[in-house]
Amino acid sequence: MADVATKNPVEDEVKKTEASSLVGKLETDVEIKASADKFHHMFAGKPHHVSKASPGNIQSCDLHEGDWGTVGSIVFWNYVHDGEAKVAKERIEAVDPEKNLITFRVIEGDLMKEYKSFVITIQVTPKHGGPGSIVHWHLEYEKISDEVAHPETLLQFCVEVSKEIDEHLLAEEEEVKTTETPSLVGKLETDVEIKVSAEKFHHMFAGKPHHVSKASPGNIQGCDLHEGDWGKVGSIVFWNYVHDGEAKVAKERIEAVDPDKNLITFRVIEGDLMKEYKSFLLTIQVTPKNGGPGSIVHWHLEYEKISEEVAHPETLLQFCVEVSKEIDEHLLAEE
Numbered sequence: 001m002a003d004v005a006t007k008n009p010v011e012d013e014v015k016k017t018e019a020s021s022l023v024g025k026l027e028t029d030v031e032i033k034a035s036a037d038k039f040h041h042m043f044a045g046k047p048h049h050v051s052k053a054s055p056g057n058i059q060s061c062d063l064h065e066g067d068w069g070t071v072g073s074i075v076f077w078n079y080v081h082d083g084e085a086k087v088a089k090e091r092i093e094a095v096d097p098e099k100n101l102i103t104f105r106v107i108e109g110d111l112m113k114e115y116k117s118f119v120i121t122i123q124v125t126p127k128h129g130g131p132g133s134i135v136h137w138h139l140e141y142e143k144i145s146d147e148v149a150h151p152e153t154l155l156q157f158c159v160e161v162s163k164e165i166d167e168h169l170l171a172e173e174e175e176v177k178t179t180e181t182p183s184l185v186g187k188l189e190t191d192v193e194i195k196v197s198a199e200k201f202h203h204m205f206a207g208k209p210h211h212v213s214k215a216s217p218g219n220i221q222g223c224d225l226h227e228g229d230w231g232k233v234g235s236i237v238f239w240n241y242v243h244d245g246e247a248k249v250a251k252e253r254i255e256a257v258d259p260d261k262n263l264i265t266f267r268v269i270e271g272d273l274m275k276e277y278k279s280f281l282l283t284i285q286v287t288p289k290n291g292g293p294g295s296i297v298h299w300h301l302e303y304e305k306i307s308e309e310v311a312h313p314e315t316l317l318q319f320c321v322e323v324s325k326e327i328d329e330h331l332l333a334e335e
């Protein structure tokens with residue numbers, strides 16, 4: 001008889017066991033006090049803010065392709081794990097806002113030195129019968145060899161990051177409560193990604209704001225120096241601009257300038273905004289992006305309305321975003 005059909009079932013079982021021993025998964029739950037949707041939004045909507053919450057573990061998160069929180073987009077992390085600075089490039093594999101779930105697949109970086117594949121899923125569930133949530137971390141991976149350890153220390157890293165994000169979100173909530181106590185007082189913030197250097201963008205507002213109208217002529221018609229010098233604390237500048245389809249003016253005093261931090265603060269002292277607000281401050285700070293070219297422009301509007309009928313200045317914040325993007329294009333064209 002031919003021996004074609006001979007098989008050793010014991011050998012087959014060993015092969016299966018050995019193959020699967022490289023494949024593994026680790027899971028853990030972390031109880032937090034913040035809401036599920038807020039925690040989820042930190043990874044889906046603003047992972048570049050995680051470094052603010054957990055600076056000892058996460059140094060930065062940059063968007064390399066696509067949009068934040070969108071399947072197929074690529075993000076790049078700088079982090080410290082086991083006492084070493086490391087990097088990870090990840091593709092967003094799944095996002096489910098209703099389940100507060102997001103999945104990242106590691107495609108490049110330090111983990112790929114030891115693992116053939118590595119997938120991280122974060123799902124946040126509201127706690128039943130009380131405030132707070134449960135963050136469920138699920139790591140699924142395939143090691144390149146048996147010598148590679150299972151990533152228990154990375155799971156612990158995820159626990160630590162979760163707790164620090166929770167503290168950060170709770171602190172933000174307290175700040176909002178304080179802000180809302182007099183409900184007329186408020187603040188709005190946003191970040192705008194740009195391609196030019198932080199110094200060049202900062203210099204447009206500190207050194208030559210009279211050039212902003214060249215960059216964004218549809219929004220800014222002019223900026224004149226009324227007192228002092230460009231970019232000097234105490235100096236007065238006068239803006240002509242178009243907001244919500246109307247021509248408007250603003251006289252502003254420079255309150256603070258920090259060239260090292262690429263920061264400038266303007267206080268509105270006269271003009272159209274003063275018809276609706278008792279006080280209005282705009283701070284513009286530009287930070288170089290870690291691990292790549294470009295910068296992040298952080299706009300911070302702080303204000304007190306004259307009455308409850310006055311709207312919060314969301315459209316003015318959008319105006320700032322548009323101006324930022326047009327300045328970026330203008331500066332890139334100059335390079």
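Quick note, the sequence shown lines up with residues 1 to 335 if you use UniProt numbering. Heads up, the beta-carbon is just placed ideally off N, CA and C, and yes, glycines get one too. Bear in mind that the values here come from a model prediction, so they are computed numbers and not experimental data.
Query: Range of the contiguous beta strand (DSSP E) that encloses Val192; Result: 185-194
Query: With 16 other Cβ atoms within 10 Å as the buried cut-off, status of His128; Result: exposed
Query: Nearest residue (CA-CA) to Glu140, options Ser235, Pro131, Glu152, Val297; Result: Glu152
Query: Three-state secondary structure assigned by DSSP to Ile107; Result: strand
Query: For Asp67 and Ile194, believed in contact at Cβ under 8 Å, the rounded distance; Result: Rounded, the Cβ-Cβ distance is 16 Å, inconsistent with contact.
Query: Option nearest Met204 by Cα separation, candidates Val192, Leu188, Gly186, Cys223; Result: Cys223
Query: Integer Cβ distance of Val233 from Glu255, believed to fall under 8 Å; Result: 7 Å
Query: Glu90 beta carbon less than 8 Å from that of Ile107; Result: yes
Query: CA nearest to the CA of Gly292, picked from Asp96, Asp37, Val87; Result: Val87
Query: Inter-residue Cα distance where the pair is Lys248 and Ser133; Result: 46 Å
Query: DSSP three-state assignment for Ala88, whether helix, strand or coil; Result: strand
Query: DSSP three-state assignment for Lys38, whether helix, strand or coil; Result: helix
Query: 8 Å Cβ cutoff met for Lys251 and Asp62; Result: no
Query: DSSP state of Val323 mapped onto helix, strand, coil; Result: helix
Query: Nearest-angstrom Cα separation, counted from Val185 out to Val196; Result: 34 Å
Query: According to DSSP, residues forming a beta bridge with Phe118; Result: Tyr141
Query: Rounded separation between His136 and Tyr241 - CA only; Result: 48 Å
Query: Supposed contact pair Ser162 and Val50 - C-beta distance, whole angstroms, cut 8 Å; Result: No, Val50 and Ser162 are not in contact; Cβ-Cβ is about 10 Å, not under 8 Å.
Query: Buried or exposed by the 16-neighbour rule on C-beta atoms within 10 Å, applied to Lys143; Result: buried
Query: Sequence-distant residues of the same chain with beta carbon closer than 6 Å to His138, five excluded per side; Result: Glu27, Thr121
Query: Proximity to Gly25 [Cα-Cα], best of Lys208, Val119, Ala36, Glu114; Result: Just to set this straight, residue 25 is Lys in the shown sequence, not Gly. Nearest option by C-alpha distance: Val119.
Query: Segment limits, alpha helix (DSSP H) that includes Ala206; Result: 198-206
Query: Beta-ladder partner(s) of Gly222, from DSSP; Result: Asn240
Query: Identity of the residue in Asp146, Glu304, Tyr79 nearest Phe157 by Cα; Result: Tyr79
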